[in-house]
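Colleague: I'd like to ask some things about the structure below.
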Amino acid sequence: MQWLRDMWTKEGPGIPKDAPAKTGLALFADILAREWWELVKLNILFILACLPVVTLPAAIAAMARVSVAFVEDRNTYLLRDFTEAFLHFFWRATAWGLALTGGFALGIHAILTYAASARDNLVLAAPLAVALVATAFLAVTACHLVVLMVMRDLPALRLLRLAALASVARPLPALAALAVNAALWLAHILFYPVSVFMPATFNFSLGMFAVAFGVHRAVVLVLDLPEAMRPHRHFIK
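In structure tokens form, the structure reads like this:
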């Protein structure tokens, strides 16, 4: 049974010390080629952790934590790291999950309502555009917020401010990551039933890895900014 235990607990492959540095899509492809089997196992862990449904936000946070480790090329012990992150972020992730779900529900409701009304009244095209932009910004902010949460323990308001700042500073990589997720599920639909095993093998983990890879640079940027820009405090005696 040693091989079965090692499949879940051993370290993932690393990068040779003398390998040239890669960036962008080349780095994404390199990590994906190196960690593809870990991503398959991560996908299975995520599905199992989501079976009670209410654990979905915590499972997303745990998957994000492992994905960030892949991006940063840190040693990962998949089962241990996933379980620890799941337990550590359970309540915070659940609270943020409820808040974001409410925000998305309002945004989607506004989009559907204005879209139905704009066909008869073009004046409503303006609030429809606002609703679309606001919902898209919320999606981008959610991507940054999840990765920020698993990278640094921060108070809720500061976490939200930094996520919004990162979304304003670098929205395009997050949008690209969301496009990757949309493409994965679109491929699943278009090629069904051939693609029937896509969600079970890599759709969730690859989608989260794309998000972590896309927003990582912006998250590191905003985490460094507060210390450099924080004003000196003067205490009055």
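Per my numbering, residue 1 is the first one in the sequence shown, and the count goes up by one each step.
All residues carry an ideal CB built from backbone N, CA and C; glycine is no exception.
Source: prediction; values computed, not measured.
1) Assuming S195 is part of the alpha helix (DSSP H), what are its boundary residues?
2) Is the Cβ-Cβ distance between F279 and F204 less than 8 Å?
3) Any beta carbon of chain C sitting closer than 8 Å to that of A126?
4) Near V215, which residues of its chain fall below 8 Å by C-beta distance, leaving aside the five closest residues on each side in sequence?
5) Are the region 26-35 and the region 179-197 in contact at 8 Å, needing three or more beta carbon pairs?
6) State the DSSP-derived secondary structure class of K237, mapped to helix, strand or coil.
7) When we look at the beta-carbon of P57 and count the other beta-carbons within 10 Å, is it buried (16 or more) or exposed?
8) Does the beta-carbon of A58, which I'm using as the reference point, lie nearer than 7 Å to any heavy atom of the ligand NAD?
9) Look at F209 and F70 and say whether their C-beta atoms are less than 8 Å apart.
10) Could I get the ranges of all uninterrupted alpha helix (DSSP H) runs contained in the region 94-178, with 4 residues as the minimum, in chain order?
11) Would you give the residue range spanned by the alpha helix (DSSP H) that D73 belongs to?
12) Using 10 angstroms around the beta-carbon of A64, count the other beta-carbons present and answer buried if the total reaches 16, otherwise exposed.
13) For the candidate residues A182, V220, K41, R74, whose alpha-carbon lies nearest to that of A200?
14) Given a cut-off of 8 Å on the beta-carbon distance, is the pair L138 and G103 in contact?
15) Do you know how far the Cα of V180 is from the Cα of W91?
16) Exposed or buried, what is L25 when buried is set at 16 or more other beta-carbons lying within 10 Å of its beta-carbon?
Modeller: Put simply:
1) In the sequence shown, residue 195 corresponds to position 195, counting from 1. No alpha helix (DSSP H) contains S195, which DSSP labels as neither H nor E.
2) The first residue shown for the chain is 1 and the last is 237, placing residue 279 beyond what the model contains.
3) Protein chains in the displayed structure number just one, and chain C is not present.
4) Along the sequence shown, read from residue 1 onward, the residue named residue 215 stands at position 215. Result list for V215: C143, H144, V147, A166, R170, P173, A174, A177, in chain order.
5) no
6) Within the sequence shown, numbered from 1, the residue matching residue 237 stands at position 237. Legend: pLDDT at K237 = 35, less than 50; position of this residue unreliable, value from coordinates given subsequently. Three-state DSSP puts K237 in coil, outside helix and strand.
7) Taking the first residue of the sequence shown as 1, we reach residue 57 at position 57. Flag for P57 reads buried.
8) Questions concerning the ligand NAD fall outside what the structure shown contains, since it holds no ligand whatsoever.
9) Position 209 of the sequence shown, counted from the start, is the residue given in the question as residue 209. Position 70 of the sequence shown, counted from the start, is the residue given in the question as residue 70. Yes, they are a contact pair.
10) 125-151, 156-169
11) Here residue 73 refers to the residue found at position 73 when the sequence shown is read from its first residue. Here D73 belongs to no alpha helix (DSSP H), and DSSP marks it neither H nor E.
12) In the sequence shown, counting from the first residue as 1, residue 64 sits at position 64. Using a 10 angstroms sphere on the CB of A64, the tally of other CB atoms reaches 16 or more, which defines it as buried.
13) One-based indexing of the sequence shown puts residue 200 at position 200. Selected option, being the one with the closest Cα: K41.
14) Residue 138 sits at position 138 when you count from the first residue of the sequence shown. Residue 103 sits at position 103 when you count from the first residue of the sequence shown. For L138 and G103, yes; Cβs fall inside 8 Å.
15) As a first step, residue 91 is located in the sequence shown; it is residue number 91 there, counting from the start. As a first step, residue 180 is located in the sequence shown; it is residue number 180 there, counting from the start. Taking the straight line from one Cα to the other gives about 28 Å.
16) Counting from one through the sequence shown, the residue named residue 25 turns up at place 25. Exposed, since its Cβ has fewer than 16 Cβ neighbours within 10 Å.
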